[in-house]
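Chemist: Under UniProt numbering, the first residue of the sequence shown carries the number 1, and numbering increases by one thereafter.
Structure incoming, see below.
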Amino acid sequence: MALLNTLIGAPPGMPARTLLVRLAAIGAVLAGSAGTFAYVGGWLSPGALTPARVIDRFEEVNGPHPGFRRNHAKGLCVAGRFASNGAGARLSKAGLFADGRETPVEGRVALAGGQPYAADAEATVRSLALRFRLPDGEEWRTGMNNIPVFPVRTPEAFYEQLLAAKPDPATGKPDPERMRAFAAAHPESATAAAVIKARTITAGFADSTYWGLNAFRFVAADGSDRAVRWAVVPEGPAQTVPAARGDRNDLFDAFAATLAQGPRRWHLLVTVAGPGDPVADATRPWPAERESVDVGTLTLTGTAPEAAGNCRDINFDPLVLPDGIAPSDDPLLSARSAAYSRSFTRRSGEEKPPSAVAGAPSRGEVR
Ligand code: HEM
């Protein structure tokens with residue numbers, strides 16, 4: 001009995017009945033934890049979509065590319081800073097929105113898809129992922145794409161779409177029959193695809209708007225919270241006429257050369273949801289008249305090729321959030337977090353071939 005008491009942290013001499021109640025409670029907690037692990041691992045539901053199955057599907061569709069991200073595989077590191085103008089402080093208590101606060105930022109521009117050596121193409125989705133380092137070890141990590149809505153609403157649809165869009169080896173294009181079947185089963189994706197297709201594609205990474213797409217919640221100092229989406233919007237006009245193309249790394253090389261000439265700036269716009277706006281459906285835009293608050297300026301100052309210890313080794317998990325930013329009910333968020341973690345774990349354990357993107361000499365400092 002004394003040994004048991006010590007094991008469960010009960011004071012010596014505790015009555016046997018109380019001890020049994022405590023043991024039962026501990027048993028319940030252990031069973032609960034084991035159940036959670038089994039659930040997350042997918043052992044309780046063999047047909048369930050697990051992070052491992054999602055990452056297996058990327059590998060099935062793209063082929064093996066050890067050492068690289070399973071999605072957004074081709075990328076270049078960037079660095080800079082975020083200067084808050086104070087306008088975000090009424091929406092979120094996160095320290096980085098305090099008036100005049102400057103926060104160092106490291107990030108990565110990339111092209112969507114699991115092919116690390118694919119030639120740059122104008123219409124390939126471009127991304128910008130950022131890590132803001134706040135005081136006291138807090139961080140905000142976010143990944144954004146240059147499309148105004150996401151093509152799927154649920155993780156299951158994402159998984160199905162990956163296979164439906166797999167290029168047919170005979171034609172190099174997705175099988176139209178499979179794509180039709182996917183669109184018929186997911187009308188929300190067909191609508192989103194039309195919105196994405198109608199977007200203006202700008203010249204490159206430097207003049208792209210990047211949208212966070214998923215909704216989050218901003219929590220203010222008074223405890224009030226509201227659903228938001230965010231985007232970073234470039235300063236100055238977009239160049240809609242693409243530069244001459246033909247080289248495999250055109251887009252990345254042009255961006256590295258641009259930053260080598262001087263910094264580029266974007267504004268972080270936070271859009272607040274109105275009543276009834278969809279917060280758990282990234283395929284649907286919010287009405288254009290929603291309030292958008294310019295909360296500060298992101299300045300990118302330099303690029304560097306992926307290497308040990310820089311953006312290559314960061315997991316831009318969208319659920320790494322500071323106090324003052326919280327997840328919404330969007331089902332993509334937890335799926336993203338789990339899948340990025342699985343991708344990160346696999347690539348971390350593999351040998352790293354060099355990135356296709358060498359970058360260019362840059363004046364900015366990138367660690
Ligand atoms: C269930 C849906 C999704 C899945 C399964 C998924 C999967 C992935 C995976 C596996 C990676 C590579 C992670 C790594 O190895 O570090 C990745 C990267 C990325 N994803 Fe997603 N994704 C999803 C939805 C989204 C959405 C909604 C966005 C919206 C913006 C997004 C933006 C990005 C970006 C920007 C990156 C590149 C991050 C970097 O440069 O490291 N993804 N995604």
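The beta carbon of each residue, even a glycine, is placed where N, CA and C say it ideally should be.
Just the Cα atoms here: how many angstroms apart are Thr191 and Ala198?
Modeler: Answer to the nearest angstrom: the Cα atoms are 11 Å apart.
Chemist: Examine the ligand GDP and report whether any of its heavy atoms sits within less than 7 Å of the Cβ of Gly75.
Modeler: This structure simply doesn't include the ligand GDP; it includes the ligand HEM instead.
Chemist: If we ignore side chains and look at the alpha-carbon of each, how far apart do Phe82 and Leu96 end up?
Modeler: 8 Å
Chemist: With a floor of 3 residues, list each beta strand (DSSP E) that falls wholly inside the stretch 69-134, ordered by position along the chain.
Modeler: Correct list: 74-84, 102-111 and 126-133.
Chemist: Is any non-hydrogen atom of the ligand HEM found closer than 7 Å to the C-beta of Ala282, if you look at the structure I gave you?
Modeler: Ala282 Cβ: within cutoff of the ligand HEM.
Chemist: Since I believe Thr200 is in contact with Ala238 (beta carbons under 8 Å), could you give me their beta-carbon distance rounded to a whole number of angstroms?
Modeler: 7 Å between Cβ atoms; contact.
Chemist: Determine the DSSP secondary structure at Asn145, reduced to helix, strand or coil.
Modeler: Reduced to three states, the DSSP call for Asn145 is strand.
Chemist: Roughly how many whole angstroms lie between the Cα atoms of His65 and Gly100?
Modeler: His65 and Gly100: Cα-Cα distance of roughly 43 Å.
Chemist: Would you say the stretch 73-89 touches the stretch 291-300, given that touching needs at least three Cβ pairs under 8 Å?
Modeler: yes
Chemist: What residue does the alpha helix (DSSP H) around Val195 start on, and which one ends it?
Modeler: Pro187 to Lys197
Chemist: Can you name the residues that DSSP bridges to His65?
Modeler: In DSSP, His65 forms no bridge with anything.
Chemist: Given a threshold of 16 other Cβ atoms within 10 Å of its Cβ, counted over all protein chains shown, does Arg180 qualify as buried or as exposed?
Modeler: The residue in question, Arg180, is exposed, as its Cβ has fewer than 16 Cβ neighbours within 10 Å.
Chemist: Measure the CB-CB distance between residue 369 and Val195 and report whether it falls below 8 Å.
Modeler: Nothing about residue 369 can be read from this structure; the chain reaches only from 1 to 367.
Chemist: Take the Cβ of Lys74 as the centre, count every other Cβ of all protein chains shown within 10 Å, and call the residue buried at 16 or more, exposed below.
Modeler: buried
Chemist: Mind checking whether the beta-carbon of Val54 lies closer than 7 Å to any heavy atom of the ligand HEM?
Modeler: yes
Chemist: Is the separation between the beta-carbon of Phe205 and that of Arg126 shorter than 8 Å?
Modeler: yes
Chemist: Consult DSSP for Ile325 and reduce its assignment to one of helix, strand or coil.
Modeler: Note: Ile325 maps to strand in three-state DSSP.
Chemist: Do Ser334 and Val279 have their beta-carbon atoms positioned less than 8 Å apart in this structure?
Modeler: no
Chemist: Determine the closest residue to Ile325 out of Ala308, Val270, Pro187 and Trp211, with distance taken between C-alpha atoms.
Modeler: Val270
Chemist: Is Lys93 buried or exposed, if buried means 16 or more other CB atoms sit within 10 Å of its CB?
Modeler: buried
Chemist: Count the other CB atoms within 10 Å of the CB of Gly107; is the residue buried (16 or more) or exposed (fewer)?
Modeler: buried
Chemist: Which stretch, first to last residue, makes up the beta strand (DSSP E) that contains Thr271?
Modeler: Arg264 to Val272
Chemist: Taking 7 Å as the cut-off, is the beta-carbon of Leu213 closer than that to any non-hydrogen atom of the ligand HEM?
Modeler: yes
Chemist: Taking only heavy atoms of the ligand HEM into account, decide whether any of them is closer than 7 Å to the Cβ of Phe132.
Modeler: no
Chemist: What are the boundary residues of the alpha helix (DSSP H) that includes Ala256?
Modeler: Asp250 to Gln261
Chemist: Is the Cβ-Cβ distance between Ala123 and His72 less than 8 Å?
Modeler: no
Chemist: Is it right to say Thr171 is buried, meaning 16 or more other beta carbons lie within 10 angstroms of its own, or is it exposed?
Modeler: exposed
Chemist: Can you name, in chain order, every residue of its own chain whose Cβ lies under 8 Å from the Cβ of Gly32, other than the five neighbours on each side?
Modeler: Residue confidence is low: Gly32 scores 46 on pLDDT, short of 50, so the model does not pin down where it sits. Its coordinate-derived value is still stated next. Taken in chain order, the list of residues that qualify is empty.
Chemist: Nearest to Thr258 by CA position, among Glu160, Pro318, Asp207 and Gly113, is which residue?
Modeler: Asp207
Chemist: Hey, would you say the C-beta of Pro278 is under 7 Å away from at least one heavy atom of the ligand HEM?
Modeler: no
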